[in-house]
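Each remark here refers to the structure printed beneath this line.
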Amino acid sequence: MKAYDIAPGVAAALEAFTVPQTLGFGLVNAPVMYSAEWANGSWGRGELLPYGPIALWPGARALHYAELVFEGLKAYRIGRPGPNLFRPLENCKRLAASAERLSMPTVPEGMFLEALDAVAGTLNRFVPGKSGHALYLRPFLFGTESGYMIRNSTTFRFMVIANPVEAYSAGAMRVAIERRDVRAPLGGVGFSKAAANYAASLRATSAAVARGYTVALWLDASEHRFIQELSGMNLFAVINGELHTPVLDGAILAGITRDSLITLARHLGYTVHERRIAIDELIVQLASGVCTELFACGTAAIVSPIGVLADVGGADHVPLRIGVVVAELREALLSIQERRAPDPFGWVREVPLPG
Ligand code: COI
3 MKAYDIAPGV AAALEAFTVP QTLGFGLVNA PVMYSAEWAN GSWGRGELLP
53 YGPIALWPGA RALHYAELVF EGLKAYRIGR PGPNLFRPLE NCKRLAASAE
103 RLSMPTVPEG MFLEALDAVA GTLNRFVPGK SGHALYLRPF LFGTESGYMI
153 RNSTTFRFMV IANPVEAYSA GAMRVAIERR DVRAPLGGVG FSKAAANYAA
203 SLRATSAAVA RGYTVALWLD ASEHRFIQEL SGMNLFAVIN GELHTPVLDG
253 AILAGITRDS LITLARHLGY TVHERRIAID ELIVQLASGV CTELFACGTA
303 AIVSPIGVLA DVGGADHVPL RIGVVVAELR EALLSIQERR APDPFGWVRE
353 VPLPG
């Protein structure tokens with residue numbers, strides 16, 4: 003007997019679904035989802051359901067006080083009969099760290115993996131087979147109790163939804179330095195995947211997009227001097243042939259792709275520095291050619307070159323070379339994720355197909 007239930011509509015939902023030609027990122031909803039509820043201090047049995055709207059009290063804490071944390075990871079199926087995940091236990095640990103920061107209950111490892119396996123395994127035939135494409139899995143956990151007292155909900159829901167996707171951004175990214183808004187201060191929730199971080203990023207991101215840029219680059223909240231991240235992506239600079247990335251200070255998301263790239267780059271012989279990087283120093287190094295490349299990384303983005311770094315007003319474009327280091331690291335990472343290359347670090351986890 004399965005550890006989770008399968009709702010009656012699942013088979014029909016799978017039957018009715020076809021993957022469209024154009025995927026985008028998060029635009030195509032896969033036909034099934036996983037859901038489990040937490041009440042009276044423990045998790046109930048999980049259920050696989052057809053993808054669709056959920057019932058939620060309009061007063062639910064998640065809607066009013068952002069009592070919501072999430073994760074993002076991909077299932078890959080390149081030239082194989084079944085899908086695989088990449089370091090899913092790191093996502094489980096990070097979801098727990100995010101939940102603990104908001105004093106929410108954590109999702110046990112067994113339930114987290116059960117949910118991923120149920121969704122990715124059931125959707126096997128819809129996992130894109132093209133390199134760079136994948137089935138994006140979005141686990142999330144939120145407070146469902148209704149009420150305005152500013153304290154934790156006593157009921158929660160954990161869900162996993164999925165989307166066949168392309169990479170988050172195509173081509174070289176155009177990054178706008180954000181000098182006014184801040185994403186996260188020290189001591190806040192910046193290290194976690196709390197929905198609130200993404201809410202804080204929306205105004206600057208929308209303004210950047212309206213000005214023709216891809217994303218906003220965040221600076222630290224106290225001095226507005228040091229580079230943080232790109233909301234959904236961490237940043238790397240190639241300086242004198244060595245890699246530099248902002249050190250995890252508690253205000254930056256601890257990206258699993260970031261961590262994997264640091265390990266891989268060192269394995270490939272690069273020196274990697276995790277440190278505070280001042281934006282002014284970086285601009286000077288770009289102008290002088292000491293910094294040859296900038297790139298962003300994340301589960302959604304994989305490893306994406308940055309083609310332009312622009313300052314306020316869009317006037318100070320800093321032209322960059324789209325270099326070779328980014329291409330080397332992207333292929334080194336993606337070929338492990340897609341099981342096209344050996345996995346020396348034991349990062350890949352096969353998804354068992356439902357029997
Ligand atoms: C991911 O890479 O999984 C992310 O969470 C980025 C997302 C916000 C688009």
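Per our numbering, the very first residue in the sequence shown carries number 3; after that it's consecutive.
Cβ atoms here follow ideal geometry from the backbone N, Cα and C, with glycine treated the same way.
Values in this document were obtained by computation on a predicted structure and should not be read as measured data.
Of the candidates Y78, M151, E180 and N31, M151 places its Cα closest to the Cα of A62. Beyond the five residues adjoining it in sequence on each side, R185 comes within less than 7 Å, by CB distance, of G192, N199, A202, S203, W220, Q230 and S233 in the same chain, given in chain order.
Around the beta carbon of D282, fewer than 16 other beta carbons sit within 10 angstroms, so the residue counts as exposed. Around the beta carbon of T24, fewer than 16 other beta carbons sit within 10 angstroms, so the residue counts as exposed. Per the CB criterion, closer than 5 Å to any heavy atom of the ligand COI, the qualifying residues run in chain order as G74, G234, G300, T301 and A302.
Comparing C-alpha distances from G134 to each of D345, K95, T301 and D313 shows the shortest one belongs to T301.
Judged by DSSP in its simplified three-state form, F128 adopts helix.
Taking a 10 Å sphere around the C-beta of R268, we find fewer than 16 other C-beta atoms and assign the residue as exposed. In this structure, the alpha-carbon of G48 lies about 14 Å from that of F142. The straight-line gap separating the alpha-carbon atoms of Y78 and P107 is approximately 29 Å. With respect to A38, A196 sits apart: the two C-beta atoms are not nearer than 8 Å. According to DSSP, residue pairing for P90 in a beta bridge does not occur.
Restricted to the segment 276 to 328, the beta strand (DSSP E) segments that are unbroken, complete and at least 3 residues in length are 293 to 300 and 304 to 312, listed in chain order. For A9, there is no enclosing beta strand (DSSP E), since its DSSP letter is neither H nor E. Here the alpha carbons of R342 and I308 stand approximately 26 Å from one another.
If you check the CB distance, V71 and S194 come in under 8 Å. Contact between Y138 and A178 is ruled out by a C-beta separation of about 25 Å, above the 8 Å threshold.
In its chain, beyond the 5 residues on either side, L245, I264, A267 and R268 have a beta carbon closer than 6 Å to the beta carbon of V274. For S155, the three-state secondary structure derived from DSSP is coil. Bounds of any alpha helix (DSSP H) do not take in I241; it lies within the beta strand (DSSP E) bounded by N236 to I241. In the three-state scheme derived from DSSP, where H, G and I count as helix and E and B as strand, K76 is classed as strand. Annotation: P90 to P248 spans about 24 Å, alpha carbon to alpha carbon.
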